[in-house]
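Take 17 as the starting number for the sequence shown in the UniProt record's numbering and just add one per residue. Inspection log for the structure reproduced underneath, given as structure tokens.
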Amino acid sequence: TLSARTLPALADYITKSGTCKKIVIMSGAGISTSAGIPDFRSPDTGLYANLARLDLPYAEAVFDISYFRRNPHPFYTLAQELYPGRFRPTVAHAFIRLLADRGLLLKHFTQNIDCLDREAGVPEELIVEAHGSFARQSCIECRRAFPHDEMLRHVQAATVPRCLNETCGGLVKPEIVFFGEALPNEFFAHAMLPREADLVIVMGTSLTVQPFANLPRAAGRGTPRLLINLEQVGGLGGREDDVLLLGDCDEGVRKLAKACGWSEELERIWRE
Ligand code: OAD
């Protein structure tokens, strides 16, 4: 437990107590907004508030599997804009890398599909992409894998790829988890890890989408939980050892790094 619900007390716990060895991070779109990728639910800037041009029945339809089966075009219009490769990791990603470098990162659970954590150098085996990613693509009918370079061509042209198995011909989609699809096995295989954590950090997520939203609750009662987010979410702040850093993610991790004496290291990693 912490001596107080303040940043200095948390920094002492991390750097001086000798008991904070396993940190679990749970993140969402808010850690990537400063890279230029919109989040989903922020009122004016979020993706869902800016999809009028796609003429959808409701905003989330663009990521809904039954809607996609009927009309895959809106998704491929959006994929052109969201496809990884054009964005640079943020300070928040650099902080996750710093924890990994220091051997403190037990797992990074992310809902993001932008692969910016990998790009920041967080080892792949420490990342759980709970909502999948653009890293692989396959046919939604026969599950046959689809070549990456072909996908790139379709995304750039905003055309809809079809299964290369001609007897199938099903729609191909990046292995992003759509509404109506199951999360990857890897998520369920690790969903109890927060129990083993010495510290949980929740950053840049509204915690509205299940089952991801339940992860912070899996942490033990005596485990400190830090929320770095523009708004208070998911009941964080309700436990005795919850610490809230309400504000921008990059600013929040910079404050925490400073309190830990890691500022230079963080900026070096970020500039790399
Ligand atoms: P949301 O858009 O729901 O939430 C983003 C959260 O980050 C909000 O609470 C924002 O206030 C906060 N935020 C935004 N910018 C920030 C910043 N610079 N610093 C700090 N906080 C910031 O995004 P997610 O929680 O990631 O799923 O959404 C969860 C899932 O819903 C996504 O993975 C996606 C979406 O539908 C699928 O597509 C399956």
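For every residue, glycine included, the Cβ atom is placed at its ideal position computed from N, Cα and C. For clarity, every value in this text was computed on a predicted model and none was experimentally measured.
- In this structure, D55 has its beta carbon less than 7 angstroms from a heavy atom of the ligand OAD.
- Short note on L246: C-beta closer than 7 angstroms to some heavy atom of the ligand OAD.
- A distance criterion of 7 angstroms places the beta-carbon of D264 in contact range of the ligand OAD, judged by its closest non-hydrogen atom.
- In the DSSP assignment, E281 falls within the alpha helix (DSSP H) that extends over S279 to R287.
- If only uninterrupted alpha helix (DSSP H) runs of at least 4 residues are considered, those enclosed by the segment 32-104 are 81-86 and 89-98.
- For a cut-off of 8 angstroms, the C-beta gap from G268 to L261 is around 4 angstroms, short enough to register as a contact.
- Taking all protein chains in view, the Cβ of Q248 is surrounded by fewer than 16 other Cβ atoms within 10 Å, so the residue is classified as exposed.
- Cβ-Cβ distances below 7 angstroms link R134 to E140 and I143 in the same chain, with the five nearest sequence neighbours on each side left out; the list follows chain order.
- Secondary structure at N245: strand, using DSSP grouped into helix, strand and coil.
- Boundaries of the alpha helix (DSSP H) around R270: C265 to C276.
- Taking the Cβ of S82 as the reference point, every heavy atom of the ligand OAD lies at 7 angstroms or farther away.
- Remark: C-beta atoms of T221 and M42 approach each other more closely than 8 angstroms.
- Three or more Cβ pairs closer than 8 angstroms define a contact, and the segment 31-50 meets that threshold against the segment 112-124.
- The way I'd put it, the segment 209-218 does touch the segment 227-243; three or more beta-carbon pairs between them come closer than 8 angstroms.
- Residue environment for R113: buried (at least 16 other C-beta atoms within 10 angstroms of its C-beta).
- I156 sits away from T106, with the two beta carbons spaced by 8 angstroms or more.
- In the three-state reduction of the DSSP assignment, A198 falls in the coil class, being assigned neither a helical nor a strand state.
- Using a 10 angstroms sphere on the CB of T22, the tally of other CB atoms stays under 16, which defines it as exposed.
- Collapsing the DSSP output to three states places I192 in a strand.
- Apart from sequence neighbours up to five positions away, the residues of its chain that approach Y83 with a beta-carbon distance below 6 angstroms are A77, ordered along the chain.
- The segment 105-156 contains, as complete beta strand (DSSP E) runs of 3+ residues, the segments 121-126, 143-145 and 148-155 (chain order).
- Under a 10 Å Cβ-count criterion, D258 is classified as buried, with 16 or more other Cβ atoms of the shown protein chains found around its own Cβ.
- Of the residues assessed, F194 falls on the buried side of the cut-off, its CB having 16 or more other CB atoms within 10 angstroms.
- G62 is not a Cβ neighbour of N128, given a cutoff of 8 angstroms.
- Comparing alpha carbon positions, the residue from F228, D165 and D71 closest to A205 is F228.
- Looking from the CA of A235, the closest CA among G251, C184, Q226 and D214 belongs to D214.
- Between the alpha carbons of D80 and R237 lies a distance of about 35 angstroms.
- Contact between C276 and T31 holds: their C-beta atoms lie close to 5 angstroms from each other, under 8 angstroms.
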